[in-house]
Structures are given as C-alpha cells and as structure tokens.
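Colleague: Shown below is the structure under consideration.
Below you can see the structure in the form of structure tokens.
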C-alpha cells in the first residue's frame, strides 16, 4: 500500500487509474449485460438496414425514399410488417403498372428479402406485424367459419370464395389457393380496397375459423362439386349464360332436326 | 265464291282497272295452288331401307332400356358423400360425385332415347302423305239458331222471370252479395304496416353489438379502414323474430380519418370518424356491404347502386333513390358505442307513404 501511495503523484498515475476504471466497467458490462439481446438488436438493425437498401431500389420510386408516399403510391408509415408480407409475398408489389387494382402475380423477392423489407417498413411506424405460424395454422371450426365468412366476406368474395366484381374495374379476387398466412394477413391489414378486420372486431379464433372454412370450401378433394361443371361458382351470370347459349342451343338444334324435311328417294 | 270476288274488288281496284302501265293479272290471283305432288322417301319404296330404319328405331328404344338398367345399377352401387371413391374426375366437369353423374346421365339418356326413337320412327316409317282438312264453319245453321231462340223465349215465359218481380230482384240481390264474402277475406292480407316501416329496433342508449363476437364495442375497436357489422343490444340470433328485426336494423360501422369526411353533418353524427350506416340498400332492400375502404364507396351487388359513405351516404351511381340512412352514434359513460336514437329516415326501399 505504501509503494502504491508513494507513486500516486507519478505522471502516469492518472492514465493507469483511467485504464483500470475503463477495464473494470467494460468487464462488468461484458459480464452482466444480456449478451443475447445485444446480438438480436444488431441482427434486427442489420435486417432493417438491408430492408432499407432493398426498399430504395424496388419500392421508393412510388412510395418515396423513406416510405412517406408520393402521388403514385400511398404512405407506408404505420402499415406494419403484415401488410408488406402480404403485398410482396403474393406478388402484388412491386406493382407492374398503375390501375384500378394491382393483381397478384409471380413473387420476385425471396422470403428473407420480404422479411427484411417488412422489418424496414415496420420500423417506420407501428402497425400489425406478421402473424406467427401458431396464429394462422391453428385448426378452426369450419361451421362457425362458414357463418363468419357469410357475414363478413361473402358479399365481395362470393359464397364459394370465387371472388366477384366491384366498382370501376376493381374486384375481389378468388380465394382459391391462397395460403393461410396470406388469408390471415389480408383480414388483419385490409390490402388495397378491402376493409380490414382487426383483432378487436374479428378475434384470432374467428380468423382461424374463417381460414378453416375457406381452405375446406376451395379444396375440391374435400368439397367436391357434386353436380359438376361449377362454371366458376360465380352464380346466376355464368349459369344463365351457359343455359341460354348451350342448353337452349341444343334444344333449338333438336327442334330443327324434328321439323327438318325428310330426305326423298328422288332428287328434285 | 261471291264473297271472294267482292273482296278482291274492294282491295285491288287497280288490278281490274284499265289504267295504262299497270301489270295485268290473268285469271284469279288468289287461286289455291294446291299441294305439290307427293314424293316418296327411300323407306317408302325400298324394303331394305325400311328394315334398316326399323332397326335404328329399335336401337334407340333398346338404348333407353339399357340406360334405365344403368340408372338402377348406379343407384345400388354408388354411395353419396365426399369420401374418396365416391368422386371421380371427368373433364371438363371437374371433381364430381360418381352417384350424381351416373344417375343424371343414365336418366337423361333413357328419356332422350325414347324421344329420339319416336322422332326417327315418325320421320322414316310413319306415313308422310299430305292431307288437307278443311275447317268447319263456326256459324250454326239457321234452323238450329231458330230453335235455340224459340227455346229461350219459351223458358223465360214459363219461369215467369219477367212477371214475378220479387223473385227476380231478390235473386239478383243474392247473386250480387255473394262476392262480398271474398272481398271480406282480403282483410287477412293485412293488417296494414302502419308505422312499422318508419322505425327500427334502434333507440336512444342502445349499445352497438358486434355480430362476430356478440360483444358491445368501444370506439377504439374500430380502426381506420375496417368494416364491422353490428346489431342493436338485446337482439339475439335465437330470437323468434330475429330475421324480421335485423332485416331493418342491420348496420355497418366504418372509420375514416375525420379529414376525409366530406359531409360535416354526417361527421357530427359519428364519433371521432366512426360512422354507422344502414346495411339495407334504398333501392329494393338488398343487404349491401361491398365496402371499398380507400374510396369509401359501398356497392350494391343487385343493381350496382353505389353510395359514398364519406359524403353522408350519397348515391353516386345506380338506381337507388335515397341516400343510405345514417345512425347517429356516440359513446356512453363506460366508453361503449351507443345509438343516439332511431334512424331519422326509414331504412330500405321507398314506399308510398315514405316522407
């Protein structure tokens, strides 16, 4: 102790004390700080960083560099990651051309890239996040789902989920072959002109029931068309057209055959 | 013959006139040309062709028999239901029930084959000689007419119809009264709707209950861009008259940014951008809820009437004659959405006494 106290006025003493203090605090931090979360933070910020780059290349021409929107594309602040996962995951975004409605098409981003984009857009403002597999894959009650579907969805998407027309070129798409995750995200976020059905008015259980109904009713193996020839299950328009053209056409043909002049033995 | 001559003179004076340049008609222009000479079919003159036609007709009838046996066989063999083995893929019909398909096809073929056989029989083997069957004159002969009038006069005289006025008048009175009983029965078509079309189940203080969860809602539950269907508090789907009540009381709740609401009076009837509109089209009463959350338009699937919910439910397209009625709402002391009264206008299609 004496030796230490004798050298306390040494010119390098302050430096040694400083280094010691730094080493102690650094060591203590390293020992006690939650290492996992530090790592996650850096990976999430990396994901956001990657997403920002992808966004600048693929999305910013319409949605502006920081997602605030232009006249060609709406603001993405607060739409949440679920919205991005649906729009990009079904190929609707990036849009091919402006129009009444942006159709689903081939997906051009990988799921990792979509997750990065989603993370970036989610960082712009709070919104619904991508549902977990437990949320959308749970088994639902098909019968209850049918009731909920007819109350909330069938007016636009048709009783059989085959979609239908809306005003001025807009339409409700067919639900055939849409994945459970995308069905869940569509209900949660309300893409394009579809209204949203948030958890506060249509619970998670309700959504699972609806998904169970849609996936059963659009699956021909589980729900075959007993009569065949569904004509798209679009109701009276296709059925009427088919009846008037083909059924009535066949009847006219038979009537002509009945009344036709019988061939004669001698050519006149 | 005389009447025919009169007619041709009446309608075609020029044809008989001697004006120059007119096409002269020789003889009777309306002479019956008669039937063309009958031509025989092959089956009429060729015994082999007739025998072949006979076999063809018999084949149709045999096909019908086979199809009927097929119908009975498929009824016995195939089972209904969606289980595997009961359905079959047939292009272009798709996945289809084996039972439905075989029953329909066999019954259709058995009926069609009977008809086709009969038609083929008539066209090839039955006589096709042309015949003329003259119409009978409608008028009765003068003797018959004379007799009928004489009988009537005698009957009227013998019954004393003209002489016994008491009997005649009471009989006419009785016959005139009989239809009144049918008129009285029309009462059963009533009662008249009175004021029922003007009011719904909504009343001041009734909370809005979510159709999905059957729970009352708070304003914060309704997010911007969402669509929720609601019914009045106290109305349950198990109620006997539920359909009758909900047919008028069904409403939809939407929320928009307060700045997006063009009609300020309509905004005041909502609560912080939450607006509540009738779900019944004002044209012929179809339920409408094809809501486009970006344009705030609601489309009716029946006749394409379109309403703008951001502009007080104004009709912007289609045959509807009245704007969509809006329900005035607010929140109660516990924060739940409640109605501030009934609709100010009758919901649904117009009617005679609608104000």
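Residue numbers (our numbering), protein chains in the order written: chain A, 467 to 734; chain B, 395 to 749.
Note that the Cβ used here is the ideal one computed from N, Cα and C, for glycine as well.
Computed from a prediction, not measured in an experiment: that's the story for all the values here.
Can you give the Cα-Cα distance for residue 683 of chain B and residue 718 of chain B, rounded to whole angstroms?
Modeller: If I take the Cα positions, the gap works out to 12 Å.
Colleague: Should residue 595 of chain A be flagged as near chain B, meaning a C-beta pair shorter than 8 Å?
Modeller: Not an interface residue.
Colleague: Spell out whether any CB of chain B is found under 8 Å from the CB atom of residue 528 of chain A.
Modeller: Taking Cβ atoms only, chain B never reaches closer than 8 Å to residue 528 of chain A, which makes this a no.
Colleague: Please name the residue or residues paired with residue 677 of chain B in a DSSP beta bridge.
Modeller: Per DSSP, none; premise fails for residue 677 of chain B.
Colleague: Along the beta strand (DSSP E) that carries residue 622 of chain B, what are the first and last residues, could you check?
Modeller: Here the beta strand (DSSP E) through residue 622 of chain B covers 621 to 626.
Colleague: Touching or not, the region 690 to 709 of chain B and the region 663 to 672 of chain B, by the rule of three or more beta carbon pairs under 8 Å?
Modeller: With a cut-off of 8 Å, the region 663 to 672 of chain B and the region 690 to 709 of chain B count as touching, because enough Cβ pairs lie within range.
Colleague: At a Cβ threshold of 8 Å, is residue 621 of chain B touching chain A?
Modeller: Yes, because at least one Cβ of chain A sits closer than 8 Å to the Cβ of residue 621 of chain B.
Colleague: In its own chain, which residues sit with a C-beta less than 6 Å from the C-beta of residue 597 of chain A, not counting the 5 before and 5 after it?
Modeller: For residue 597 of chain A, where only same-chain residues beyond five positions count, the Cβ hits under 6 Å are 650.
Colleague: Please identify, using Cβ separations under 9 Å, the residues of the region 489 to 502 of chain B that lie next to chain A, in order along the chain.
Modeller: Result list: 489, 490, 491, 493, 494, 495, 498.
Colleague: Between the region 505 to 531 of chain B and chain A, which residues of the former have a C-beta closer than 8 Å to a C-beta of the latter?
Modeller: Going along the region 505 to 531 of chain B in chain order, one finds 513, 517, 518, 522 with a Cβ nearer than 8 Å to chain A.
Colleague: Considering only the alpha carbon of each residue, which of A:633, A:685, A:618, A:627 lies closest to residue 654 of chain A?
Modeller: When only C-alpha atoms are compared, the closest one is A:618.
Colleague: Give me the residue from A:621, A:512, A:699 with the minimum Cα distance to residue 693 of chain B.
Modeller: Ranking the options by Cα distance to residue 693 of chain B, first place goes to A:621.
Colleague: Within 8 Å of any Cβ in chain A, is that where the Cβ of residue 691 of chain B sits?
Modeller: Yes, because at least one Cβ of chain A sits closer than 8 Å to the Cβ of residue 691 of chain B.
Colleague: Using C-beta distances below 7 Å, list every residue in its chain close to residue 645 of chain B, excluding the 5 sequence neighbours before and after it, in chain order.
Modeller: Same-chain partners within the cutoff: 624, 670, 671, 672, 673, 721.
Colleague: Decide if residue 590 of chain A is buried, meaning its Cβ has at least 16 other Cβ atoms within 10 Å, or exposed.
Modeller: So residue 590 of chain A ends up on the buried side.
Colleague: Consult DSSP for residue 521 of chain B and reduce its assignment to one of helix, strand or coil.
Modeller: DSSP places residue 521 of chain B in coil when its eight states are reduced to three.
Colleague: Consult DSSP for residue 672 of chain B and reduce its assignment to one of helix, strand or coil.
Modeller: Residue 672 of chain B falls in the strand class under three-state DSSP.
Colleague: Use the C-beta contact count for residue 554 of chain A: other C-beta atoms within 10 angstroms, 16 or more gives buried, fewer gives exposed.
Modeller: Buried.
Colleague: Please decide whether residue 495 of chain A counts as near chain B, where near means a Cβ-Cβ distance under 8 Å.
Modeller: Not an interface residue.
Colleague: Return helix, strand or coil for residue 480 of chain B, following the three-state DSSP convention.
Modeller: Note: residue 480 of chain B maps to coil in three-state DSSP.
Colleague: What residue does the alpha helix (DSSP H) around residue 720 of chain A start on, and which one ends it?
Modeller: Segment 714 to 725, the alpha helix (DSSP H) holding residue 720 of chain A.
Colleague: Give the residues of chain B in contact with residue 636 of chain A, contact being defined as C-beta atoms less than 7 Å apart.
Modeller: Under the 7 Å cutoff, chain B gives 686.
Colleague: For the beta strand (DSSP E) containing residue 659 of chain A, list its first residue and its last residue.
Modeller: Residue 659 of chain A -> no beta strand (DSSP E), and no H or E assigned at all.
Colleague: Can you tell me whether DSSP reads residue 430 of chain B as helix, strand or coil?
Modeller: Note: residue 430 of chain B maps to coil in three-state DSSP.
Colleague: For residue 604 of chain B, which residues in chain A fall below 7 Å Cβ to Cβ?
Modeller: 667, listed in chain order.
Colleague: Please name the residue or residues paired with residue 604 of chain B in a DSSP beta bridge.
Modeller: B:624.
Colleague: Does DSSP put residue 612 of chain B in a helix, a strand or coil?
Modeller: If DSSP states are grouped into helix, strand and coil, residue 612 of chain B belongs with the strands.
Colleague: Do residue 618 of chain B and residue 609 of chain B have their CB atoms nearer than 8 Å?
Modeller: No, the pair does not count as a contact, with Cβ atoms beyond the cut-off.
Colleague: Looking only at its chain, what residues have a beta carbon closer than 7 Å to the beta carbon of residue 746 of chain A, apart from the 5 residues adjacent to it on each side?
Modeller: For residue 746 of chain A there is no data in the structure shown, the boundaries of chain A being 467 and 734.
Colleague: Just how far apart, CA to CA, sit residue 485 of chain A and residue 468 of chain A?
Modeller: Spanning the two alpha carbons is a distance of roughly 21 Å.
Colleague: Starting from residue 650 of chain B, find everything on chain A with Cβ-Cβ shorter than 7 Å and list it in chain order.
Modeller: Here the premise fails: no neighbours, minimum Cβ distance about 11 Å.
Colleague: In chain order, what residues of the same chain lie with their CB nearer than 8 Å to the CB of residue 477 of chain A, ignoring the 5 residues before and after it?
Modeller: If we look at residue 477 of chain A and ignore the five residues flanking it on each side, it has no Cβ neighbours.
Colleague: Just the chain A side, please: which residues come within less than 8 Å of residue 536 of chain B by C-beta, in chain order?
Modeller: By Cβ distance, chain A contributes nothing, its closest Cβ being about 43 Å from residue 536 of chain B, past 8 Å.
Colleague: Looking at the unbroken beta strand (DSSP E) that takes in residue 742 of chain B, where does it start and where does it end?
Modeller: No beta strand (DSSP E) holds residue 742 of chain B; DSSP gives it neither H nor E.
Colleague: Closer than 6 Å by C-beta to residue 538 of chain A: which residues in its own chain qualify, once you throw out the five before and the five after it? Chain order, please.
Modeller: These residues qualify, in order along the chain: 528.
Colleague: State whether the region 527 to 539 of chain B contacts the region 478 to 498 of chain B, with contact taken as three or more CB pairs (one from each stretch) at a distance under 8 Å.
Modeller: Counting Cβ pairs under 8 Å, fewer than three are found: no touch.
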